[in-house]
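Engineer:
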DNA sequence: CCGGAAACTTTGAACGATCTAATCCTGCCG
DNA sequence: CGGCAGGATTAGATCGTTCAAAGTTTCCGG
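Residue numbers (the working numbering), protein chains in the order written: chain D, 1 to 329; chain C, 330 to 658.
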């Protein structure tokens, strides 16, 4: 293995001082053209790469972004995080940042981890997913002045910090419109109990679209925890009512899959639309609302690096989902 | 924000020298009990955390492990990587390491990324997933003397480097035995074209189990690319033969899902078993072979940190999968 | 009470980059 | 031809840690 190439090696090779090499890297405009060219050649020739640890010691910046990887609770939503992570890594890479993972069980343990990561690695920023009402984590980070972005709106105070989100209401609105366009008039919604920002948002899209079409949404919605079995139960329920729906929009693919089972079990012909476009949806041919995860990830990185590199952008990004048509609607 | 706490702050506070604090952290046994206690109190009181960048500069070790996150090709396998990543992060954490992500498209681009990562962050090691026959990446890493572990055996040279893998043959053998125990005699296998180590391994488990039971596997297997549609096509094919199978073991959940569709389409009652226990399998009630991903991740970290911290373990770990029984077998 | 080994602690340098401030050019004007 | 402005370049200090070597204390046996 050849000797380690440091900035001093490059400087010697290009017959300039260390600082000039540093300038070529960090402030090229202050170096004369001819000198810059010579230095760049030396860099290329030697395969020099700036040591981040040394740079970080001086500048206090690590070019590292931390993201939490969750314990894959349902499994069905795991792949969403997966795609998001990939997009994040790719965009961060392009912006000269790297992604570091961490896990934590529980909010206070997570905050301890922040402390750890900041102390040991001087992380530049955090990307949080799945924030809830009154999340203590965002408060802690904001209090310490640590840059961060959340994927998901802070429902209680939308202006409080930078976020990126997907317009869930627009997604369910699209789904509902699709069913309306196909001639459906009794369109149900199966979602989560009131109180979760995301769930309420998705329900709202369905409700307003129905109302706008002059239809009455009352009695056509059901709430439950997420899960295939729950979806199936509620859909059987709906199908058994006197005015059974001919189509249903669901807050998740799990619920939709359950609904689909119920429909098939009673040999009905109701249309079903899910949410998240998970692999499950693709596998069983379920029409579903797809979140632009790569774009969301890119926006997160953009917001964060914008703050870090001193050219901040609009700190609130709301992306539009798209309906992926398959067999069920 | 309080001033940064460095080793010097702690030293002053505990009335010892910097080096003694360093010794308490890295070689506690050479410090007298009473001194150590005093230093540890100071550390706790001040909330001191060793700066990794500075440590790394001196030691050349970053306590960072790199893992590739793939572009989620199929989507169905995405969640496997996801669970693996989570396990990796958790175990690495416990061993005092952190996980850094990277992506790359194509082997040579990936090698360039290695160079980048090693040069800039002095990564301690790599975890590779999905290695193929004659992988240039492992050769490059080995040539540079960079520690790494692969999740997946190097089929062409099993002794060449440390790896962790799941015994696919044992998995399909379990699946086949299960079907035998349930009275099935004509048990088919749908897998991938010959040549992929993983695929061949999974087929072998089925074949040897059938043979051991005195049954003839000939004519009962089909090969195709991965995908639901392919699985469905081949299963229809099998069901249409004079001696149609009453059960089928598949090399993946995608194939199994397709097979299941075919079975239902022709109103047959054949049992179906998939592989990987993806969320899809859980959602549709498909019996599937489950890989112990958390254990695999833990083994990867153990192997890697073992090499790094100088107490190497057996460099080849083969884990046993488990059959998850659901409705289809 | 002293010599000396063992146990423990401290000092100074080094890792590889950037910051600050000082020095060196170069061209231009009086 | 000297002086000077301004850009280009360089020398030295510094970030927080660990290594190597030197210094100090403690403990025993003679």
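Glycine residues also receive a C-beta, built at the ideal position from the N, C-alpha and C atoms.
Please list the segments of the alpha helix (DSSP H) lying wholly inside the stretch 458–536 of chain C, counting only runs of 4 or more residues, in order along the chain.
Structural biologist: Listed in chain order, the complete alpha helix (DSSP H) runs (minimum 4 residues) inside the stretch 458–536 of chain C are 465–473, 497–510.
Engineer: Does residue 119 (chain D) have its Cβ less than 7 Å from a Cβ in chain C?
Structural biologist: At least one chain C Cβ lies under 7 Å of residue 119 (chain D).
Engineer: Which term fits residue 209 (chain D), buried or exposed, when burial requires 16 or more other beta carbons within 10 angstroms of its beta carbon?
Structural biologist: The residue in question, residue 209 (chain D), is buried, as its Cβ has 16 or more Cβ neighbours within 10 Å.
Engineer: Could you spell out where the alpha helix (DSSP H) holding residue 440 (chain C) opens and where it closes?
Structural biologist: Note, residue 440 (chain C): alpha helix (DSSP H), 436–450.
Engineer: Kindly say whether residue 608 (chain C), judged by its beta-carbon, lies nearer than 7 Å to any beta-carbon of chain D.
Structural biologist: Closer than 7 Å: yes.
Engineer: Measuring alpha carbon to alpha carbon, tell me which of C:492, C:513, C:369, C:545 ends up nearest residue 339 (chain C).
Structural biologist: Cα-wise, what sits closest to residue 339 (chain C) is C:369.
Engineer: Would you check if the distance between the CB atom of residue 125 (chain D) and the CB atom of residue 293 (chain D) is smaller than 7 Å?
Structural biologist: Not closer than 7 Å, so no.
Engineer: Per DSSP, residue 648 (chain C) is paired with what?
Structural biologist: In DSSP, residue 648 (chain C) forms a bridge with C:495.
Engineer: Against chain D, with Cβ distances strictly below 7 Å, would residue 578 (chain C) count as a contact?
Structural biologist: It does not: the Cβ of residue 578 (chain C) has no partner Cβ on chain D nearer than 7 Å.
Engineer: So, do the stretch 55–67 of chain D and the stretch 263–277 of chain D have three or more beta carbon pairs nearer to each other than 8 Å?
Structural biologist: The answer is no - the stretch 263–277 of chain D does not touch the stretch 55–67 of chain D, with fewer than three Cβ pairs under 8 Å.
Engineer: Roughly how many angstroms separate the alpha carbons of residue 328 (chain D) and residue 260 (chain D), rounded to a whole number?
Structural biologist: Roughly 8 Å separates the two Cα atoms.
Engineer: If I'm right that residue 509 (chain C) touches residue 542 (chain C) with Cβ under 8 Å, what's the distance once you round it to whole angstroms?
Structural biologist: Going by Cβ atoms, the distance from residue 509 (chain C) to residue 542 (chain C) rounds to 6 Å, so yes, they are a contact pair.
Engineer: DSSP three-state call for residue 309 (chain D): helix, strand or coil?
Structural biologist: In the structure shown, residue 309 (chain D) sits in coil (DSSP, three-state: anything other than H, G, I, E or B).
Engineer: Could you give the DSSP three-state label for residue 328 (chain D): helix, strand or coil?
Structural biologist: Coil, per DSSP.
Engineer: May I ask you to report which of helix, strand or coil DSSP gives residue 398 (chain C)?
Structural biologist: Residue state, collapsed to three classes: coil.
Engineer: Go to residue 428 (chain C), then tell me how far its beta strand (DSSP E) extends in each direction, as first and last residue.
Structural biologist: 427–431 is the extent of the beta strand (DSSP E) around residue 428 (chain C).
Engineer: Quick one, which residues of the stretch 99–115 of chain D are near chain C if we go by CB-CB under 8 Å, in chain order?
Structural biologist: Result list: 99, 100, 101, 102, 103, 115.
Engineer: Assuming contact is defined by CB atoms lying nearer than 7 Å, are residue 628 (chain C) and residue 604 (chain C) in contact in what I supplied?
Structural biologist: For residue 628 (chain C) and residue 604 (chain C), no; Cβs fall outside 7 Å.
Engineer: Using a Cβ-Cβ cutoff of 9 Å, what residues of the stretch 373–386 of chain C are near chain D? List them in chain order.
Structural biologist: Of all residues in the stretch 373–386 of chain C, 376, 377, 378, 379, 380, 381, 382, 383, 384, 385, 386 have a Cβ within less than 9 Å of some Cβ in chain D.
Engineer: Could you give the residue range of the alpha helix (DSSP H) that holds residue 263 (chain D)?
Structural biologist: Its alpha helix (DSSP H) spans residues 253–265.
Engineer: Identify every residue that forms a DSSP beta bridge with residue 550 (chain C).
Structural biologist: C:518, per the DSSP bridge assignment.
Engineer: Where does residue 532 (chain C) land, buried or exposed, given buried means 16+ other C-beta within 10 angstroms?
Structural biologist: Buried is the call here.
Engineer: Check for me: the beta strand (DSSP E) holding residue 600 (chain C) runs from which residue to which?
Structural biologist: It spans 600–604 - the beta strand (DSSP E) in which residue 600 (chain C) sits, taken as one unbroken run.
Engineer: Output the boundary residues of the beta strand (DSSP E) element that contains residue 391 (chain C).
Structural biologist: That residue, residue 391 (chain C), is in no beta strand (DSSP E); it is neither H nor E in DSSP.
Engineer: CA-CA distance, residue 498 (chain C) and residue 530 (chain C)?
Structural biologist: When rounded, the distance between both Cα atoms is 5 Å.
Engineer: Exposed or buried, what is residue 62 (chain D) when buried is set at 16 or more other beta-carbons lying within 10 Å of its beta-carbon?
Structural biologist: Residue 62 (chain D) is buried by the Cβ-count criterion.
Engineer: If I'm right that residue 162 (chain D) touches residue 315 (chain D) with Cβ under 8 Å, what's the distance once you round it to whole angstroms?
Structural biologist: Yes, they are in contact, since the Cβ atoms of residue 162 (chain D) and residue 315 (chain D) sit about 4 Å apart, within 8 Å.
Engineer: Measure from the C-beta of residue 419 (chain C) to each C-beta in chain D and report whether the shortest distance is under 7 Å.
Structural biologist: By this cut-off, residue 419 (chain C) is an interface position.
Engineer: Between which two residues does the beta strand (DSSP E) holding residue 618 (chain C) run?
Structural biologist: Looking at the DSSP string, the run of the beta strand (DSSP E) that includes residue 618 (chain C) is 616–619.
Engineer: Go ahead and label residue 137 (chain D) buried or exposed: buried means 16 or more other beta carbons lie within 10 angstroms of its beta carbon, across all protein chains shown.
Structural biologist: It is buried - the Cβ of residue 137 (chain D) has at least 16 other Cβ atoms within 10 Å.
Engineer: Where does residue 7 (chain D) land, buried or exposed, given buried means 16+ other C-beta within 10 angstroms?
Structural biologist: With 16 or more Cβ atoms within 10 Å of its Cβ, residue 7 (chain D) is classed as buried.
Engineer: Note down, in chain order, all residues in the stretch 261–295 of chain D with a beta-carbon under 8 Å from any beta-carbon belonging to chain C.
Structural biologist: Taking 8 Å as the Cβ-Cβ cut-off against chain C, the residues of the stretch 261–295 of chain D that qualify are 278, 279, 280, 282, 283, 284.
Engineer: Roughly how many whole angstroms lie between the Cα atoms of residue 149 (chain D) and residue 32 (chain D)?
Structural biologist: When rounded, the distance between both Cα atoms is 39 Å.
Engineer: Just tell me which of C:593, C:612, C:635, C:528 has its CA closest to the CA of residue 420 (chain C).
Structural biologist: Answer by Cα proximity: C:635.
Engineer: For the beta strand (DSSP E) containing residue 247 (chain D), list its first residue and its last residue.
Structural biologist: Note, residue 247 (chain D): beta strand (DSSP E), 247–250.
Engineer: Could one say the Cβ of residue 28 (chain D) lies closer than 7 Å to chain C's Cβ atoms, at least one of them?
Structural biologist: For residue 28 (chain D), the answer is no, since every Cβ of chain C falls outside 7 Å of its Cβ.
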